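Following our numbering, the numbering of the sequence shown begins with 72 at its first residue and continues without gaps. For each residue, glycine too, the CB sits at the ideal point set by N, CA and C. Only a predicted model underlies this, so the values are computations on that prediction, with no experimental measurement involved. As structure tokens, the structure follows; a few thoughts come after it.
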Amino acid sequence: MSLVFKTISIFSRRNDPSARTVADQLQACLLKLGCEVKRQENEDANNTVADLAIVVGGDGTLLHVAREIAAQDIPLAGINLGRLGFLVDIPREDMAKILQEILHGNYQQEERILLQASLSRTGEVIHHAEALNDVVVSKGELARLIEFETLIDDTHVNTARADGIIIASPTGSTAYALSANGPILAPELEALAVVPICPHTLSFRPLVISSQSCVCIRMLDSGQDNCYLSFDGQSAVRLQDGDTVNVKMAEHRVKLLRPVNHSHYDVLRAKLGWG
């Protein structure tokens, strides 16, 4: 049977010896199967030219690579290094068998929503970025609330004082948003979760909205500029009073390849300790 994916890029963290060891083993396995293999560092992900990208590491590593290659329409698979992840779900001890199946076309494909955010100051866009999990407005190191207005599709929702607010994709609904008592969204849902962080008004509850909607956060009191806009918890910019953050679904999506027996609910049960 011919290979569905012939050119493979392997990503691992440069400063993680265990990940590099597994990546070496993975490379040897793929070469035996007749693949062309490229080794890349996370920082080089936006230059990827491949049929398939394989991430060796944790969910954080995959988040970074996914954002960089989503526009290139390259599918992703993830090898976990001992701790089950929501995104990296192929056990290292089974990777040879499972990847052989995937390379021959036996897999599940999930398309995940990517978020696109822009920051405007005095009417000019000064920063924009994408996120697979979430876009978060949050207070900094000082223990004081920030104040902001939330609008959805140009309609005022509320004005709130809180530690911040999370706009999460279905993928990100099991990350920071879950810790803030947000809902768990099925990965295939066309929806976003808007989740306040420790709101002073207890009636401000999480919202589930259409993925076609645009969420706008207007900063009213940034706590003496002690407030940040972050993307997947991996990069951030400081906010000021009067700043406006707009978040919507990006045009492209992330394609995740899963083993044929993958179950989202099996992962939830294992990660969250359900009986």
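In this structure, the alpha-carbon of residue 256 lies about 20 Å from that of residue 323.
The Cβ atoms of residue 161 and residue 177 lie no closer than 8 Å to each other. At the C-beta level, residue 83 and residue 94 come within 8 Å of one another. Contact between residue 123 and residue 146 is confirmed by a C-beta separation of about 6 Å, below the 8 Å threshold. The beta carbon of residue 240 sits closer than 6 Å to the beta carbons of 184 and 186 from its chain, once the five residues preceding and following it are set aside; these are given in chain order. Proximity of the segment 298-305 to the segment 277-287 falls short of the contact definition, fewer than three beta-carbon pairs being nearer than 8 Å. Taking the Cα of residue 140 as reference, the smallest distance to any Cα among 120, 166 and 127 is reached at 120. Fully enclosed beta strand (DSSP E) runs of no fewer than 3 residues occupy 262-268 and 278-281 of the segment 237-289, in order along the chain. In this structure, residue 205 places its C-beta atom within 8 Å of the C-beta atom of residue 238. The Cβ neighbour count for residue 201, taken over all protein chains shown within 10 Å, is at least 16; the residue is labelled buried. Ranked by Cα distance from residue 317, the options 275, 248 and 207 are led by 207. When C-alpha distances from residue 223 are compared across 215, 173, 179 and 285, the shortest belongs to 285. By the beta-carbon neighbour count (other beta carbons within 10 angstroms, threshold 16), residue 199 is exposed. Residue 171 sits away from residue 331, with the two beta carbons spaced by 8 Å or more.
Rounded to whole angstroms, the gap between the alpha carbons of residue 267 and residue 221 is 10 Å. Residue 173 carries a helical assignment under DSSP once its states are collapsed to helix, strand and coil.
In this structure, DSSP gives residue 235 an extended state, which the three-state scheme calls strand.
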